[in-house]
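Numbering (my numbering), first residue to last: 284 to 705.
Presented below is the structure to which this report refers.
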Ligand SMILES: Cc1cc2nc3c(=O)[nH]c(=O)nc-3n(C[C@H](O)[C@H](O)[C@H](O)COP(=O)(O)OP(=O)(O)OC[C@H]3O[C@@H](n4cnc5c(N)ncnc54)[C@H](O)[C@@H]3O)c2cc1C
């Protein structure tokens with residue numbers, strides 16, 4: 284292998300988007316992915332929402348209370364397993380330290396800037412390449428069951444200077460925006476419509492990116508696990524995979540929730556930990572009462588997204604480390620929530636045919652991704668996008684590629700630099 288080729292570890296949203304951005308800047312790349320297909324981990328069946336409007340960290344003061352109240356519980360939307368506390372201890376302290384109101388607002392502003400940049404790049408590639416991934420650009424509707432929560436969300440939008448791009452609705456307005464919510468409108472105090480948000484199937488988007496990367500000369504090897512990054516005198520020298528040793532001078536770690544494990548082997552700490560979430564996808568072809576908007580239920584961090592002839596409900600946040608159990612209470616929770624939001628549609632669904640999935644969001648301790656250079660020469664990172672990995676993917680990749688190729692970035696990269704201290 285030519286050692287000028289950049290090795291990208293991980294074929295999820297970040298790895299594929301990084302490969303594409305580097306190819307556009309004249310580099311040659313190879314993606315190494317341990318699974319048998321790309322995007323089988325967190326990028327497979329996420330909620331499918333590309334929402335700059337929701338680009339806030341999950342360590343807001345109220346979220347911290349929700350997480351703490353979910354300790355040991357299996358039926359709460361946010362849960363913390365007592366067994367996982369030791370592995371999350373130092374990360375958790377940083378997560379808490381970043382949960383003050385002041386930091387929440389600053390980090391949210393940084394997230395929104397990156398998300399807006401990302402959205403413009405996503406649109407650019409969609410239009411230029413004719414990408415179709417069950418996408419719609421109809422906006423997003425957030426529904427509220429308490430006036431206090433609605434007022435709080437409106438105030439956050441005002442504080443973040445994004446209130447001009449939202450419509451605050453009463454319960455009748457919610458029904459008008461999404462007629463399929465009429466049945467439950469009496470339970471709601473209102474909603475907020477965010478007209479600029481988009482939805483789509485992240486896995487389909489990844490398959491299109493895969494094809495594009497290959498068409499530009501990028502290589503993608505699946506079934507190839509990186510065991511170790513080789514460092515010699517503070518510089519990258521190669522990678523050891525389960526198949527062979529590859530010589531390279533430059534590596535980008537885009538291994539999602541597993542990034543910190545690879546970096547730990549070379550003596551680097553990355554405060555990114557897995558936060559497990561579930562989704563359930565059901566076919567809706569030929570059924571009545573199908574919604575057209577993605578809906579987020581604010582009180583429980585749960586999204587219901589219509590994807591062409593499917594509907595997907597996604598949510599729950601388990602701070603449990605890499606835990607591969609499918610807990611029945613989580614499944615019941617998704618089913619019950621879908622039934623509560625769309626009772627008419629739910630009664631027609633073939634529940635036996637539902638596809639249940641879980642993924643690990645690579646959650647950074649301060650809510651911002653880690654992008655670019657590490658302390659080791661030739662070693663770069665693109666990780667930590669957490670619950671916003673699709674929303675931030677194209678922008679994160681462009682910044683990382685600009686840093687690697689010494690190009691001047693379109694937006695200020697400083698808030699997201701991998702070498703920042705938390
Ligand atoms: C339930 C749920 C709902 C979500 N909803 C949304 C949403 O609506 N909008 C949004 O913006 N984001 C959402 N997200 C977040 C988003 O899906 C993730 O942030 C994003 O997919 C992360 O992408 P990634 O490329 O960093 O990680 P991944 O997709 O996990 O990719 C990492 C890849 O690295 C590979 N890998 C790891 N270690 C190695 C190794 N040693 N060698 C080779 N390969 C390796 C893995 O196999 C994997 O394919 C959601 C996540 C979940 C779980």
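For each residue, glycine too, the CB sits at the ideal point set by N, CA and C.
At which residues does the alpha helix (DSSP H) containing residue i begin and terminate?
i	result
residue 372	368-380
residue 467	Unbroken run through residue 467: none, as it is neither H nor E.
residue 342	Careful: residue 342 lies outside any alpha helix (DSSP H) and carries neither H nor E.
residue 387	384-412
residue 599	Residue 599 -> not in any alpha helix (DSSP H); beta strand (DSSP E) instead, spanning 593-602.
residue 654	That residue, residue 654, is in no alpha helix (DSSP H); its beta strand (DSSP E) goes 653-656.
residue 442	430-442
Pull up the CB-CB distance for residue i and residue j, whole angstroms please, since I reckon it's below 8 Å.
i	j	result
residue 557	residue 644	7 Å
residue 514	residue 419	Residue 514 to residue 419, Cβ: 46 Å. No contact.
residue 448	residue 458	In fact, because the Cβ distance is near 22 Å, the residues do not count as touching under 8 Å.
residue 538	residue 292	5 Å
residue 422	residue 576	7 Å
residue 552	residue 606	Residue 552 to residue 606, Cβ: 22 Å. No contact.
residue 327	residue 642	6 Å
residue 595	residue 331	6 Å
residue 639	residue 682	The Cβ separation is near 34 Å, so there is no contact.
residue 296	residue 489	6 Å
residue 485	residue 665	Their Cβ separation, rounded to whole angstroms, is 16 Å, which puts residue 485 and residue 665 out of contact at 8 Å.
residue 533	residue 650	About 28 Å separates the two Cβ atoms, so there is no contact after all.
residue 616	residue 574	Rounded, the Cβ-Cβ distance is 20 Å, inconsistent with contact.
residue 593	residue 564	5 Å
residue 546	residue 536	6 Å
Please return the same chain residues whose Cβ sits closer than 7 Å to the Cβ of residue i, not counting the five positions on each side in sequence.
i	result
residue 524	315, 507, 508, 509 and 510
residue 308	684, 688 and 690
residue 378	342 and 648
residue 656	663, 686, 701 and 702
residue 493	299, 321 and 503
residue 367	602, 603 and 604
residue 635	none
residue 286	530, 531 and 532
residue 554	374, 377, 647, 648 and 705
Between which two residues does the beta strand (DSSP E) harbouring residue i extend?
i	result
residue 566	555-566
residue 589	585-590
residue 645	638-647
residue 666	662-666
residue 686	Looking at the DSSP string, residue 686 is not in any beta strand (DSSP E); the run it does join, the alpha helix (DSSP H), is 676-687.
residue 450	450-452
residue 425	423-427
residue 623	Note, residue 623: premise wrong, no beta strand (DSSP E); alpha helix (DSSP H) at 611-624.
residue 671	Unbroken run through residue 671: none, as it is neither H nor E.
residue 475	473-477
residue 363	361-363
Report yes if the C-beta of residue i is less than 7 Å from at least one heavy atom of ligand 3; otherwise report no.
i	result
residue 319	Looking at this structure, you won't find ligand 3 anywhere; what it does contain is ligand 1.
By Cβ distance, which residues of its chain are closer than 8 Å to residue i, with the 5 residues on each side in sequence left out?
i	result
residue 504	313, 314, 315 and 316
residue 675	338, 394, 397, 398, 401, 652 and 668
residue 528	513, 521 and 522
residue 548	511 and 512
residue 471	426, 427, 428, 454, 457 and 464
residue 412	491 and 495
residue 370	556 and 604
residue 499	303, 306 and 307
residue 627	463, 466, 571 and 572
For residue i, which residues of its own chain have a beta-carbon under 6 Å away from its beta-carbon, when the five flanking residues on both sides are left out?
i	result
residue 402	335
residue 302	291, 312, 314, 496 and 501
residue 373	none
residue 424	460, 461, 474, 476, 576 and 578
residue 275	Given a span of 284 to 705 for the chain in the structure shown, any question on residue 275 remains unanswerable.
residue 479	448
residue 391	339 and 443
residue 349	361
residue 582	428
residue 333	481, 673 and 674
* Whole runs of the beta strand (DSSP E) within the segment 498-578, excluding any shorter than 3 residues -> DSSP runs (the beta strand (DSSP E)) wholly in the segment 498-578: 502-504, 509-515, 518-524, 528-530, 534-536 and 555-566.
* Asked: Whole alpha helix (DSSP H) runs in the segment 292-327 with 4 or more residues, listed along the chain?
  -> Counting only runs of 4 or more, we get 296-307.
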